[in-house]
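K.L.:
Provided herewith is a single structure, encoded as structure tokens, for subsequent inquiry.
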Amino acid sequence: MHREEIMHCKRKKSCIAENSCIAREDSCIAGKRFMHCKKEIHASQEKSHASREKRFMHSKRGIHASRKRSHASQKRSHASRKSHALQKKIHASREKDSCIARKNSCIAREDSCIAEKKSCIAEKKSCIAEKSCIAKEDSCIAGK
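What the sequence shown shows, in our numbering, is residues 114 to 257, in sequence order.
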């Protein structure tokens, strides 16, 4: 039995050695799996970072474009306000010119009326003078 025990022990040692070898292989496989997972995680993190960076740059470009549009809109609004103010000035100037023209027209009519009145007065004086002459002539004729 001694021999059987030795064989049993040898088999046992062989099994232990085999188990140890399997354990080392399992450990190696586990290490490889761990490294593979680690690489996958790293690759995933890089993709995620690249995606965030891309979204950030896209967002930044969008914000920049939005600011440009806003600035252009402000310029248009400012130009519109300036144009409106200029149109008001032009309108006021035209109204002033029109008012001056109306005043000048009124003054011309007044001058015309004054000239007409002067003409009437001169005519009346002429008539009065003529009547005075006729009266003198009549008195001269009556006195003869």
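Don't be surprised by glycine CBs; every beta carbon is placed ideally from N, CA and C.
1. How big is the Cα-Cα spacing for C212 and R174?
2. State the Cα-Cα distance for the pair E166 and H155, rounded to the nearest angstrom.
3. Please report how far the alpha carbon of K244 lies from the alpha carbon of C233, in whole angstroms.
P.N.:
From the atom records:
1. 56 Å
2. Taking the Cα positions, E166 is about 16 Å away from H155.
3. K244 and C233 have their C-alpha atoms roughly 16 Å apart.
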